[in-house]
Amino acid sequence: MEKKNILIVDDEENMCRILSELLTRAGYSIYDTGNAKEALKLFKDNKISLVITDLIMPGINGLQLLSTLKEIDPALPVILITAYGTVDTAVEAMKKGAYDYILKPFDNEEILFVVKKAIASNRYRNKKLHRITLGKLLIGSSANMDYIYKTIDKIADSSATVLIIGETGTGKELVAREIHDRSRHSEGPFICVNCAALPDTLLESELFGYEKGAFTGAINSKPGRFELAAGGTIFLDEIGDMSLLMQAKLLRVMQDKTIIRLGGTKSIKVDVRIITATNKDLETACRHGSFRQDLYYRINVLNIKILPLRDHKEDIPEIANYFIEYLCKKDGYSIKKLSLQTMSVIMSYDWPGNVRELENVIERAVVLSSGDEILPGDLGLQDIKTEHVKQKTLKESVRTTTAQMEKQAISKALNKCKGSR
1 MEKKNILIVD DEENMCRILS ELLTRAGYSI YDTGNAKEAL KLFKDNKISL
51 VITDLIMPGI NGLQLLSTLK EIDPALPVIL ITAYGTVDTA VEAMKKGAYD
101 YILKPFDNEE ILFVVKKAIA SNRYRNKKLH RITLGKLLIG SSANMDYIYK
151 TIDKIADSSA TVLIIGETGT GKELVAREIH DRSRHSEGPF ICVNCAALPD
201 TLLESELFGY EKGAFTGAIN SKPGRFELAA GGTIFLDEIG DMSLLMQAKL
251 LRVMQDKTII RLGGTKSIKV DVRIITATNK DLETACRHGS FRQDLYYRIN
301 VLNIKILPLR DHKEDIPEIA NYFIEYLCKK DGYSIKKLSL QTMSVIMSYD
351 WPGNVRELEN VIERAVVLSS GDEILPGDLG LQDIKTEHVK QKTLKESVRT
401 TTAQMEKQAI SKALNKCKGS R
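In UniProt numbering, the protein residues as written are 1 to 421.
Shown next as structure tokens:
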């Protein structure tokens, strides 16, 4: 597996050395520098997966560097470290798009844990340039997508909780981001937490923070995600995987609008909008006793159901062509196109991994195709189980594909006419 490149920016030479040695031992490739200008040059000249920067530095400080890096690559995860931390500073960093905020002196295990999470999340988190966006980059004109757009318009400005329901890979986080971006909370941070990725003890400290000495390695107090989301939105993904114990603690926060840090006694008021998502049937989970009914009522004031891609296949040509155009421009290829036979293949496939799987297949095809046209063999779908491929004759598939492409062209032309009025 290719090593991930991490850029460390800190004017303290000793701190750079400590972090470099720690992360090198963990299997990462490290670039380090003591100033932000050199950091920007290193970032532009190398394929960097993550930046760790000090907050207080001469010249360009950590927050300014964060803003500049986010302008270059909105998807880039950036971790800020500082000895002068306050909740206000942390919130400001999160507003500017920081992935996380760590206080000095830090625990080595904490750094390694946060780095691993940040790199794992890089593919989809903050991908404003590479996503099926609702709004400026309208991708999909099916009845399903129209329902999603209209529902977002109706609920975005409310402060009520929203539950987003859909299979893995359907774009639940993108919908949550769009709700946030269109809401009165849009100037505040958008903080995402995957409830399935952490055990209870780590999830509790992640959500609610902890006080110094709360557990071994808690060298400093640290605000949790609810505090960092102040004035904005917290998105609790995969809430159906949360334990009953954590469900009870979340319910109390939603009722009281306050949190208590792990190891603390002080109630801290939190003003955030809560959006949750799940790929599970929570009503059934409530009947079986694995999900609290009172919490279900709290999180399900408003809801959006996202259909799997196989149920709105008419959007596939537009989505696929968007990915092709983006990837070709990003990697410097001439713009490629799908052959008619290739389009019929992707229209016949059921996409169990939904849009995320389609994106991965298109990315593979763009890289492996030798000419300007993507052929069926470039997709790598021949090894997929046959139950996911609907059996059609070539003539039927081509007829369906041609109709979809004509519909897409007409839709684009109509939108262009509307825009020029």
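All C-beta atoms, glycine included, are put in the ideal place defined by N, C-alpha and C.
Query raised in the report: Would you say the region 327-344 touches the region 162-175, given that touching needs at least three Cβ pairs under 8 angstroms?
Result: Result no; under three Cβ-Cβ pairs closer than 8 angstroms.
Notebook entry, point to check: Going by the beta-carbon positions, is the gap between V115 and I6 smaller than 9 angstroms?
Noted result: yes
Note to self: Contact defined as beta carbons within less than 8 angstroms: I believe A36 pairs with I8. What is the distance between those atoms, to the nearest angstrom?
What the structure shows: Between A36 and I8 a beta carbon distance of about 12 angstroms is seen, past the 8 angstroms cut, so the two are scored as non-contacting.
- Please specify which runs of the beta strand (DSSP E), each continuous and at least 3 residues long, are wholly inside the UniProt domain "Response regulatory" (5-119), giving them in chain order. Correct list: 5-9, 29-33, 50-54, 78-82, 100-103.
Legend entry - A248 - DSSP class collapsed to helix/strand/coil: helix
**Beta-carbon proximity list for E206, same chain, < 7 angstroms, skipping 5 on both sides** = V193, L198, G224, R225, listed in sequence order.
task = Express the C-alpha separation of P74 and N126 in angstroms, rounding to a whole number.
result = Reliability fails at N126, whose pLDDT of 39 lies under 50, so the model's placement of it is uncertain and no value is given.
Using a 10 Å radius around the Cβ and a threshold of 16 neighbouring Cβ atoms, would you call T33 buried or exposed?
buried
Inter-residue spacing [alpha-carbon to alpha-carbon] between L375 and L381:
11 angstroms
Considering Cα atoms alone, identify which of L262, K212, F208 is closest to L236. Check the Cα spacing between L236 and each of L262, K212, F208: the tightest is with F208.
Express the C-alpha separation of G27 and A156 in angstroms, rounding to a whole number.
42 angstroms
Beta-carbon proximity check, L174 vs L302, cutoff 9 angstroms
no
Q. For the 8 angstroms Cβ check, are there 3 or more pairs between the region 268-276 and the region 314-328?
A. no
Practice problem: Within its chain, find whatever has a CB closer than 6 angstroms to the CB of K385; leave out the 5 residues flanking it on each side and keep chain order. | Solution: Low confidence applies here, because K385 scores a pLDDT of 49, under 50, leaving its location unreliable; read the following figure in that light. None.
task = Return the first residue and the last residue of the beta strand (DSSP E) that R273 is part of.
result = Note, R273: beta strand (DSSP E), 273-278.
| request: Spatial neighbours of S267 within its chain, please: CB distance less than 8 angstroms, with the 5 preceding and 5 following residues excluded, ordered by chain position. | output: D256, T258, I259, I260
Of the listed residues S29, L203, G166, nearest to R356 (C-alpha basis)
G166
**Q.** Complete beta strand (DSSP E) runs within the region 216-261 (minimum length 3 residues, chain order)
**A.** 233-237, 258-260
**OP:** State the DSSP-derived secondary structure class of L338, mapped to helix, strand or coil.
**Re:** strand
I'd like to confirm the pairing. Which residues does DSSP put opposite L163 in its beta bridges? T276, N303
* Beta-carbon gap between V361 and L379 smaller than 9 angstroms -> yes
Measure the CB-CB distance between L203 and M254 and report whether it falls below 9 angstroms.
no
- prompt: Can you name, in chain order, every residue of its own chain whose Cβ lies under 8 angstroms from the Cβ of P58, other than the five neighbours on each side?
  reply: D11, N35
Open item on the list: Three Cβ pairs or more, each shorter than 8 angstroms: is that satisfied between the region 273-288 and the region 208-223?
Closed with: In this structure the region 273-288 does not lie against the region 208-223, because fewer than three pairs of beta carbons, one per stretch, are closer than 8 angstroms.
In whole angstroms, give me the CA-to-CA distance for M94 and V78. 10 angstroms
ask   = Leaving out five residues before and five after S29 in sequence, what residues of the same chain have Cβ atoms less than 8 angstroms from its Cβ?
value = K3, K4, N5, I6
Inset, instruction - Could you tell me which residues DSSP pairs with Y326 in its beta bridges? - result: Answer is none; Y326 lacks a bridge partner.
Check your understanding: So what's Q154 in DSSP terms, helix, strand or just coil?
Key -> Looking at the sequence shown, residue 154 is not Gln but Lys. K154 falls in the helix class under three-state DSSP.
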